[in-house]
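If you read the sequence shown in full-length UniProt numbering, its first letter stands for residue 1, the second for the next number, and so on. Just so you know, even glycine gets a beta-carbon here, dropped at the ideal spot from N, CA and C. Working notes for the structure below.
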Amino acid sequence: MFLVYVVLLLQLAIRDLRANVIFQDCGSAYELMAVSIDGCDWRMPCYVTVGEDVPVSLDFYADSVSRNLDQNVVIHINHLNLRTRVSPERCEIYDCAVTTGMVTSFTSVMSVPTTIALNQRGYLYWRIENEKGQQVLCYSVMVQTQSPLQKLMRKYLTNTVPATLEKQP
Numbered sequence: 001m002f003l004v005y006v007v008l009l010l011q012l013a014i015r016d017l018r019a020n021v022i023f024q025d026c027g028s029a030y031e032l033m034a035v036s037i038d039g040c041d042w043r044m045p046c047y048v049t050v051g052e053d054v055p056v057s058l059d060f061y062a063d064s065v066s067r068n069l070d071q072n073v074v075i076h077i078n079h080l081n082l083r084t085r086v087s088p089e090r091c092e093i094y095d096c097a098v099t100t101g102m103v104t105s106f107t108s109v110m111s112v113p114t115t116i117a118l119n120q121r122g123y124l125y126w127r128i129e130n131e132k133g134q135q136v137l138c139y140s141v142m143v144q145t146q147s148p149l150q151k152l153m154r155k156y157l158t159n160t161v162p163a164t165l166e167k168q169p
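Printed below as a string of structure tokens:
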């Protein structure tokens, strides 16, 4: 029975590790430790579905206090910068103060624009400034756009085991 619990915990730990995306820091004052985008894992690109709201979570370590964080999110595809709506846009949550000496986590919801081209690769740029206008977090992630139908097909294809790989009796 103990072995079952150990295996279960290992599976959960591996799942959590896979949930983090590969990101490029672009000048964070805070130490950005992890970025998790719903529906993405360590494989690149991160597929984002046009018209969907996507939860994005950050884990970071702050070496200075901030009372308020302002997020600026842009998807750069085909030499176009498309500003992306994010909520909470300006720290609308109850306790948004960032303290020092501990890891801070927060989740925002990004709305993928409907005016963006399909099947295109580019970069998601996420910049966060404090109340003084100083950039405290900045990262980019390689993304590729997809339609809701493409998302459904991709999910179906990744969850299906080809018949030739199934065990034969």
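Proximal residues to residue 185 (C-beta, below 6 Å), its chain only, five neighbours per side dropped: Since the first and last residues shown for the chain are 1 and 169, residue 185 lies out of range.
From the DSSP output, in three-state form, read off Met102 for me. Position 102 of the sequence shown, counted from the first residue, corresponds to residue 102. Reduced to three states, the DSSP call for Met102 is coil.
Is it a yes or a no for the region 61-68 touching the region 77-86, going by three-plus beta-carbon pairs under 8 Å? no
Close beta carbons around Trp126, own chain, < 6 Å, minus the five adjacent residues each side: Within the sequence shown, residue 126 is the residue found at index 126, counting from 1. These residues qualify, in order along the chain: Val73, Tyr139.
Could you say which of Ala62, Leu124, Tyr30, Gln134 lies nearest to Pro113 if we only look at CA atoms? Here residue 113 refers to the residue found at position 113 when the sequence shown is read from its first residue. Closest option to Pro113, Cα to Cα, is Leu124.
Which listed residue (Arg121, Leu137, Ser111) has its alpha carbon closest to that of Ala29: Stepping through the sequence shown from its first residue, residue 29 is reached at position 29. Per the Cα distances, Leu137.
Please list, in chain order, all residues of the same chain as Val21 whose beta carbon is under 6 Å from its beta carbon, the five residues on each side excluded. Here residue 21 refers to the residue found at position 21 of the sequence shown. Once the five neighbours on either side are set aside, the close Cβ partners of Val21 are Val35, Ile37, Cys40, Cys46, Val141.
Buried or exposed, going by whether 16 or more other CB atoms sit within 10 Å of the CB of Asn130? As a position in the sequence shown, residue 130 is number 130, starting the count at 1. The residue in question, Asn130, is buried, as its Cβ has 16 or more Cβ neighbours within 10 Å.
Keeping to the same chain, check which residues put their C-beta closer than 8 Å to that of Gln135; ignore five residues upstream and five downstream. Indexing the sequence shown from 1 puts residue 135 at position 135. So the qualifying residues of the chain are Gly27, Ser28, Ala29, Arg127, Ile128, Glu129.
What is the DSSP secondary structure of Arg154, reduced to helix, strand or coil? Against the sequence shown, residue 154 aligns to sequence position 154. Residue state, collapsed to three classes: helix.
I'd like to confirm the pairing. Which residues does DSSP put opposite Ser111 in its beta bridges? The residue labelled residue 111 in the question sits at position 111 within the sequence shown. Bridge partners of Ser111: Asp53, Arg85.
Span of the beta strand (DSSP E) holding Met142? As a working mapping, residue 142 is identified with position 142 in the sequence shown. Unbroken beta strand (DSSP E) run through Met142: 135-146.
With distances taken from CA atoms, which of Ala97, Val103, His76 is nearest Thr115? The residue given as residue 115 occupies position 115 in the sequence shown. Among Ala97, Val103, His76, the Cα nearest to that of Thr115 is on His76.
Let me know the secondary structure DSSP gives Arg15 once reduced to three states. The count along the sequence shown starts at 1 and reaches residue 15 at position 15. Residue placement at Arg15 cannot be trusted, given a pLDDT of 41 that sits under 50; what the coordinates show is reported in the next sentence. Three-state result, Arg15: helix.
Out of curiosity, what's the CA-to-CA distance linking Phe60 and Asp25? Numbered from its first residue, the sequence shown carries residue 60 at position 60. Numbered from its first residue, the sequence shown carries residue 25 at position 25. Cα to Cα, Phe60 sits roughly 12 Å from Asp25.
Glu52 and Ser111 - do their beta-carbons sit closer together than 9 Å? Translated into the one-based positions of the sequence shown, residue 111 becomes position 111. Translated into the one-based positions of the sequence shown, residue 52 becomes position 52. Yes.
Beta-ladder partner(s) of Tyr125, from DSSP: Here residue 125 refers to the residue found at position 125 of the sequence shown. Tyr125 is bridged to Val74, Ser140.
Please return the same chain residues whose Cβ sits closer than 7 Å to the Cβ of Tyr94, not counting the five positions on each side in sequence. Taking the sequence shown and counting its residues from 1, the one referred to as residue 94 is at position 94. Low confidence applies to Tyr94: its pLDDT is 48, below 50, so where it sits in the model is not reliable, and the reading given next is rough at best. Answer for Tyr94: no residue qualifies.
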